[in-house]
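J.: Chains as they are written, first to last, in the numbering used here: chain A, 1271 to 1352; chain B, 739 to 961; chain C, 1059 to 1284. Beta carbons are placed, not taken as given, at the ideal position from N, Cα and C, and that holds for glycine. Sharing a structure below in structure tokens format, with a few things to ask.
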Amino acid sequence: MFRKTMPILLFLIALGLTIAPVALAQDYGAGDEAWKPKENFWWLFASYAVIWVALFGYVARVAGKQQTLERELKRLEQDQVK
Amino acid sequence: MTTTNRILLALSGLGMIALCVMLSLIPRESAQGFVQKIFYVHVPVAWVAFLAFGVTGYNGLRYLMTRDMKFDRVAAASAEIGVVYISLVLITGPLWAKPIWGIYWTWDLRLTTSFILWLLYLAYLILRRSVDDRERRAQLSAVVGLISFLDVPIVYMANRVKASQHPAPVVGGGENSGLAPEFLATLLIGIFAFTVTYALLLRLRNQQARIEDRIEDLYLARG
Amino acid sequence: MNSFWRVVGAVLARDVRAEWRRKDIFTTIVMFGLLTVMVFVFAFDPARHERADVVPGTLWASFLFAGILGLNRSASRDSQDDQISGVVTSPADRGALYLGKTLSNLLFMVIGEAIVLVAVAFFFDLDGRHLAPEFFALLVLGTLGFIGVGTIFALVSQKTRMQEVMTPILLLPVILPLLRAVIEGTKIVFDPTGNDGLGSWIQLAAGYDVIFLIAGFLLYGFVLED
Chain A
1271 MFRKTMPILL FLIALGLTIA PVALAQDYGA GDEAWKPKEN FWWLFASYAV
1321 IWVALFGYVA RVAGKQQTLE RELKRLEQDQ VK
Chain B
739 MTTTNRILLA LSGLGMIALC VMLSLIPRES AQGFVQKIFY VHVPVAWVAF
789 LAFGVTGYNG LRYLMTRDMK FDRVAAASAE IGVVYISLVL ITGPLWAKPI
839 WGIYWTWDLR LTTSFILWLL YLAYLILRRS VDDRERRAQL SAVVGLISFL
889 DVPIVYMANR VKASQHPAPV VGGGENSGLA PEFLATLLIG IFAFTVTYAL
939 LLRLRNQQAR IEDRIEDLYL ARG
Chain C
1059 MNSFWRVVGA VLARDVRAEW RRKDIFTTIV MFGLLTVMVF VFAFDPARHE
1109 RADVVPGTLW ASFLFAGILG LNRSASRDSQ DDQISGVVTS PADRGALYLG
1159 KTLSNLLFMV IGEAIVLVAV AFFFDLDGRH LAPEFFALLV LGTLGFIGVG
1209 TIFALVSQKT RMQEVMTPIL LLPVILPLLR AVIEGTKIVF DPTGNDGLGS
1259 WIQLAAGYDV IFLIAGFLLY GFVLED
């Protein structure tokens, strides 16, 4: 399970981190201002980056530990059968 | 990964992408300018942090009523995830306050309440670490979790009275700031995305806790 | 109903008798109360700051820290003597145990507070302001809420690995809104110029007490069983 989901999770994190600055830098209806660099942009980006990494990183950590635990459980249950 | 979890993961991812799309479409806010967009993650994350604490309190109550371990597992999982969320609130708050007010922190109503919630979460988790016996840990955590949860609205009210007497810069708009429809829609999408992510994390962590307990039982059975 | 009050009375009597002999809870509260006042005198020089700002906080912080130590002593005494488990018979008794324990802790706390208060009134020249009935209301409500939550949390701490250290970690976050209410209320009472907003603080403190005394009453039994 882990092998399948980890790439997906990493993809989501990467996607989030790339889309976010592009998305955030947009300024609909601002006319000429739309493509100029925004003030305080890096503060905004930092917030989003922290959240993305924290949450999806936590998902990755839990999913990773899960795999180890499942293997251990299987081993113990087989031992019990013997 | 179970089907439900896959669905939740997909919804979570889609929700986040939708949020980004919406953020690019909405116009900038007039008073605070560009950086105001932090609002659309700061508020949903805060909402989930409070929700998660409620889930912990409620499941603690259910444990006391039934002595069924599954409730304790959910309570503990929710607390773990909740502390992550509330920490994010405490990180994004200053990141928002610094460019706007020039200061990292202020003792306004929301930040103070959030910090106290963080302390309550931490106390709960420290308690759990300090008890080794499973049933005793569940029992004590349920009592403490419940009392701590009852405290949250009172914390808010106490800080509110203080705030009305000594106004301080408010991070996140005043109490009565209405929202234009496109802002509201973005906020709701944000709340949806982060709540779904919470649900996913809760399920994953809970399943893991169940396996951890099972493994511990097997080790004990071995002797 | 009769047995309920009998249990309350029994717990109260037992605690008072033990304390009369040893006097260590009371000594702890008074000693640490005065010491904390000293720390705050050094921390915030009362000669330089507006007195109304410094004294209420100093007073309540001293009560708080002294009280935590007193609660811990009281709870550990039960664990050592192991008398309290002998009394656990019926579910109705458990609420009575909570009430009895809370009342005895309250008694010791109030006596200790009175002594510290006399000292503070003298050192900071409170000039009778601490004798105002509003202040006594705050004193009673604040101490009651603090002891109400503290009694149950002190027992929880006894059952953990960290023991006494756990009590402030659990108690302080939960007690913060009550602390805010009584300190702000005390500021208003001690400051001769203003009397606005006292009502809402007193209401908040009273509401807090009602909620948490009931919660403690219902939940104490769960902590006792083991």
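Taking 9 Å as the threshold (beta carbon to beta carbon), is Gly1091/C in contact with chain B?
T.: With 9 Å as the cut-off, Gly1091/C does not count as an interface residue toward chain B.
J.: With three or more C-beta pairs closer than 8 Å as the rule, is the segment 871-880 of chain B touching the segment 779-790 of chain B?
T.: no
J.: Excluding sequence positions up to five away, which residues of its chain have a Cβ less than 8 Å from the Cβ of Leu878/B?
T.: Leu865 and Val869
J.: Got a sec, what are the start and stop residues for the alpha helix (DSSP H) Ala1105/C sits in?
T.: Ala1105/C -> no alpha helix (DSSP H), and no H or E assigned at all.
J.: Using CA coordinates, which residue listed in Gly1067/C, Glu1171/C and Ser1137/C is at the minimum distance from Phe1084/C?
T.: Closest by alpha carbon: Glu1171/C.
J.: What residues in the segment 785-815 of chain B have a beta carbon less than 7 Å from any beta carbon of chain A?
T.: none
J.: Would you call the segment 1180-1198 of chain C and the segment 1216-1225 of chain C in contact, with 3 or more CB pairs under 8 Å?
T.: no
J.: Say whether chain B places a C-beta atom closer than 9 Å to the C-beta of Ile1269/C.
T.: yes
J.: Classify Trp843/B as helix, strand or coil using the three-state DSSP reduction.
T.: coil
J.: For Lys1344/A, return the contacting residues in chain B, with the cut-off set at a CB-CB distance below 8 Å.
T.: Ordered by position in chain B, no residue passes the 8 Å Cβ test against Lys1344/A, which lies about 10 Å from the chain.
J.: For Ala1076/C, which residues of its own chain have a beta-carbon under 6 Å away from its beta-carbon, when the five flanking residues on both sides are left out?
T.: none
J.: On the DSSP letters alone, give me the boundaries of the alpha helix (DSSP H) that Ala876/B sits inside.
T.: Element bounds for Ala876/B: Arg872 to Gln903.
J.: Flag this pair as yes or no: are the beta carbons of Val1237/C and Val1174/C separated by less than 9 Å?
T.: Inspection of the sequence shows that residue 1237/C is occupied by Leu rather than by Val. Their beta carbons are not under 9 Å apart, which means Leu1237/C does not touch Val1174/C by this criterion.
J.: Just by C-beta distance, which residues in the segment 812-844 of chain B are closer than 7 Å to chain C?
T.: none
J.: Out of curiosity, what's the CA-to-CA distance linking Asp1335/A and Leu940/B?
T.: The sequence given here places Lys at residue 1335/A; Asp does not occur at that position. Going from the Cα of Lys1335/A to the Cα of Leu940/B covers about 15 Å.
J.: For the segment 868-884 of chain B, enumerate the residues whose C-beta is nearer than 8 Å to any C-beta of chain C, in chain order.
T.: Ser868, Val869, Asp870, Arg874, Gln877, Leu878, Ala880, Val881, Val882 and Leu884
J.: Using CA coordinates, which residue listed in Leu1276/C, Val1065/C and Val1281/C is at the minimum distance from Gly1158/C?
T.: Val1065/C
J.: Go ahead and pull the three-state DSSP assignment for Glu1283/C.
T.: Reduced to three states, the DSSP call for Glu1283/C is coil.
J.: With a cut-off of 9 Å, does the C-beta of Asn914/B fall near any C-beta of chain C?
T.: Residue confidence is low: Asn914/B scores 48 on pLDDT, short of 50, so the model does not pin down where it sits. Its coordinate-derived value is still stated next. Not closer than 9 Å to any Cβ of chain C, the Cβ of Asn914/B fails to qualify, so no.
J.: Please state whether DSSP places Gly1091/C in a helix, a strand or coil.
T.: In this structure, Gly1091/C counts as helix in the three-state DSSP scheme.
J.: By the DSSP assignment, the alpha helix (DSSP H) with Leu761/B in it spans what residues?
T.: That run of the alpha helix (DSSP H) goes Thr741 to Leu763.
J.: Would a C-beta distance cut-off of 9 Å place Gly753/B and Val934/B closer than the cut-off?
T.: yes
J.: Applying a beta-carbon distance threshold of less than 7 Å, which residues of chain A neighbour Lys900/B?
T.: Under the 7 Å cutoff, chain A gives no residues; its nearest Cβ is about 27 Å from Lys900/B.
J.: So Thr1116/C packs on Val1095/C, CB below 8 Å; how close in whole Å?
T.: 6 Å
J.: Do we get a CB-CB distance below 9 Å when we pair Ile745/B with the residues of chain A?
T.: no
J.: Can you list the residues of chain B that Ala1316/A reaches, using a CB-CB cut of under 8 Å?
T.: Leu833
J.: How would you write the range of the alpha helix (DSSP H) that Thr713/B sits in, first residue to last?
T.: Residue 713/B is absent from the model: chain B starts at 739 and stops at 961.
J.: Given a cut-off of 9 Å, decide if Leu747/B and Leu925/B are closer than it, judged by their beta-carbon atoms.
T.: no
J.: Under 6 Å Cβ to Cβ from Ser1137/C, same chain only, skipping five residues before and after it: list those, please.
T.: Gln1216
J.: Going along the chain, which residues of its own chain have a beta-carbon closer than 6 Å to the beta-carbon of Leu1127/C, five neighbours each way excluded?
T.: Thr1086 and Phe1090
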